[in-house]
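Residue numbers (numbering that gives the first Met the number 0): 0 to 580.
Each residue gets a CB set at the ideal place from its N, CA and C atoms; glycine is no exception.
Only a predicted model underlies this, so the values are computations on that prediction, with no experimental measurement involved.
Heads up, the thing below is written out as structure tokens.
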Amino acid sequence: MSELHLNDQELVRRGELEELIRHGINPYPADAFPVSHSSTEIRQGFESNPEAFTEISLAGRIISRRIMGKASFVEIQDAQGRIQAYLNREEICPPDSTFLYDEFFKKLISLGDIVGVKGGVFKTQTGEISIRVKEFTLLSKALRPLPVAKEKDGVVYDAFSDQEQRYRMRYVDLIVNPHIKEAFIQRTRLVNTIRQYLNEKGYLEVETPILQPIYGGASARPFKTHHNTLDIPLYLRIANELYLKRLIVGGFDGVYEFSKDFRNEGMSRFHNPEFTQIELYVAYQDYLWMMDLVEEMIEKVAIALHGKPEVQVGDHLISFKRPWKRLTMTQAIKESTGINIDASDEETLRTAALAAGVEVTAEMGKAKIIDEIFGAKVEPYLIQPTFIMDYPVEMSPLAKTHRNKPGFVERFEAICNGKELCNSFSELNDPIDQRKRFMDQLELGQRGDEEAMVLDEDFLRALEYGMPPTAGLGIGIDRLSMIMTNSHSIQDVLFFPQMKPEKNITATPEETNTDSNIPAEWLKVIESLGLKYPEGLKGYNPNKLFNEICGANKKGKFGLTPPSRETVHHWVEKAGEVTPS
RNA sequence: GAUCUCGUAGCUCAGCUGGUAGAGCAUUUGACUUUUAAUCAAAGGGUCAUGGGUUCGAAUCCCAUCGAGAUCACCA
């Protein structure tokens, strides 16, 4: 960033920086600054035991400052909170010089600087517990002004509230809006609670591949990437289900993983391209057993976070107290709409759906129509946690066929606040049935469904070796965090939500897709190989090209610095898009 | 992807039917030894998201682009 773009406040701070250095003060000292107390420890402990606070040290960021001649008050914010410090010229300066106060503290220290103080704790005339500073150390100089807000009687004025800036510069958001931290701390507490619960049951936390040659376990569009050495496409996982089941085949009887998954789909306040799920698989259990586990576990989470099973979410007070309501899909739809999906064939159902105002089309099969009715007429109205059980088989290619209800699978979702909270089934372990379900998916894929599952031959091989009957579960951790922290958007429970790049548009956007990114000198090398640009590069193996041009460069004594393999890949890609002139 | 709304100082925001930019906080300078949205006095600070157009004249009207938010679509 060039100096030309600095605003007046940034220039002032850089001036202060130079001035500090001129006075021999390192603005970024290497020395450790041992901290004896946090702001919270001081505020909570001082009243009952003042003697323990005569010699303390504390470090943090200057968040506000009131200079009153020879005395000053600063508010210092550490990881726990804020505390006031009192500085007096005579107390921090040696008798022969007022530099430390008049120059260093007053002129060269700014809001946002990180400082360390040593001194004793006392109470001011207005009754505020404060640190009487004897030693004042600069620990890190801030070169940008902090968007500090002021507060009185609980009302915050001029808070840093621009959502775009808050998400793009979460570090600033966390400094000036400390309450934002709370949701993130709760999220971690939530994860820890689940982890502890599952560990106590003896299940093994495992790690499985994020880069997968075949993506599976869910219906979604993946992110695709490429491995150069193997020269194969790889996908970022959309789920880890099929890997965890392989581990069940391998003889583990309970495995789980907190899994960052990636889906190349739309974004909304409920969707981020990367998100976290926990998946759990337990051998010799079924979905009914899993329902009990979910109830117990989520109730524990609510209590761990709020001290009670009730959580205020928007306008609703949601109770996670066991037991939760349980309904079959059939019952739920019947209750809400009067439609009996069991007794209806596809056409009757379509007519009934249309009559109820659900948008269904002629291409939709019975299962899809049921899904549409449920999504439009039932799910949004389920506020208190509710289990919906037994889904149509077509929508659940990895779930086991229902033990006594043909056409359905042993699957449940917990719905809460109108959204899916988790998804679970008795896992399909019949390899022949599983192959058939994959084939059905393949057919969907050939008909253009971009989210249809792909066939995973190795997974089928694993099933053919025999997988015990298994109960499986997936919970969206971000969604659960949103509910548990009363957050309106997924961005409020992700430190760094995905955003479009912020850099301003270039002045001439058309120039970026001119004919070639290949520098002229390298075009010569390529031509010396007898390849014509761009048509000769179309479909050419980029790794081969890389080797050849590097070789030609050496032998032909072009004397050029070789490009990276990645760059060459890019050239080939680009060449494929260019039409020969 | 669609629709609507928004983008002005470091932050939060004004800026009318078009007439060359305002406030509070922050910043700088000065005063002030227990303040707490400290106070008092003065000063500086802007490519009005970007690029076009209409106009004598555009922050304001029109078009395009970029970015954000909301709703919808998509997403088991």
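Outcome for residue i when other beta-carbon atoms lying within 10 angstroms are tallied against a minimum of 16
i: S423; result: buried
i: H4; result: exposed
i: D101; result: exposed
i: T505; result: Residue placement at T505 is flagged as unreliable, the pLDDT there being 34, under the threshold of 50; a coordinate-derived value is accordingly withheld.
i: S395; result: buried
i: T511; result: In this predicted model, T511 has a pLDDT of only 29, less than 50, meaning its place in the structure is not dependable; the value taken from the coordinates is given anyway. With fewer than 16 other Cβ atoms within 10 Å, it is exposed.
i: H288; result: At residue 288 the sequence reads Trp, which differs from the His that was named. So W288 counts as exposed.
i: P496; result: buried
i: I108; result: buried
i: R64; result: buried
i: A29; result: exposed
Bounding residues of the beta strand (DSSP E) (the contiguous stretch that carries residue i)
i: A366; result: First-last for A366: K365 to I372, but that is the alpha helix (DSSP H), not the beta strand (DSSP E).
i: Q83; result: R81 to N87
i: G253; result: G253 to F261
i: Q76; result: A70 to Q76
i: F411; result: F407 to C415
i: L316; result: H315 to S318
i: E150; result: K149 to K151
i: V155; result: V154 to Y156
Residue i, DSSP secondary structure in three states
i: E309; result: strand
i: Q211; result: strand
i: F32; result: coil
i: Y202; result: coil
i: F121; result: strand
i: R350; result: Here residue 350 turns out to be Thr, not Arg, going by the sequence shown. In the structure shown, T350 sits in a helix (DSSP, three-state: H, G or I).
i: E278; result: strand
i: S335; result: helix
i: A470; result: strand
i: T505; result: Caution is warranted here: a pLDDT of 34 is assigned to T505, below 50, making its placement in the model unreliable, and no coordinate value can be reported.
i: D95; result: coil
i: V377; result: helix
Segment limits, alpha helix (DSSP H) that includes residue i
i: L581; result: Residue 581 is absent from the structure shown; the chain starts at 0 and stops at 580.
i: L420; result: First-last for L420: K418 to S425, but that is the beta strand (DSSP E), not the alpha helix (DSSP H).
i: V248; result: E240 to V248
i: S129; result: Run containing S129: none in the alpha helix (DSSP H); it sits in the beta strand (DSSP E), I128 to S139.
i: D285; result: First-last for D285: undefined, no H or E at that position.
i: G44; result: S38 to G44
i: Y166; result: Q162 to R167
i: A461; result: E456 to E463
Bridge partners - residue i, DSSP secondary structure assignment
i: L326; result: I387
i: H225; result: P232
i: H270; result: S267
i: I66; result: S71
i: L110; result: None; L110 has no bridge partner.
i: I489; result: In the DSSP output, where bridge partners are listed per residue, I489 has none listed.
i: A398; result: E426
i: A58; result: G115
i: G475; result: Q276
CB of residue i within 9 Å of CB of residue j, strictly
i: V147; j: I62; result: yes
i: N239; j: T207; result: yes
i: T327; j: I387; result: yes
i: E127; j: Q83; result: yes
i: I213; j: M466; result: no
i: R236; j: G216; result: yes
i: L462; j: K244; result: yes
i: V293; j: L189; result: no
i: N271; j: I482; result: no
i: E181; j: R220; result: no
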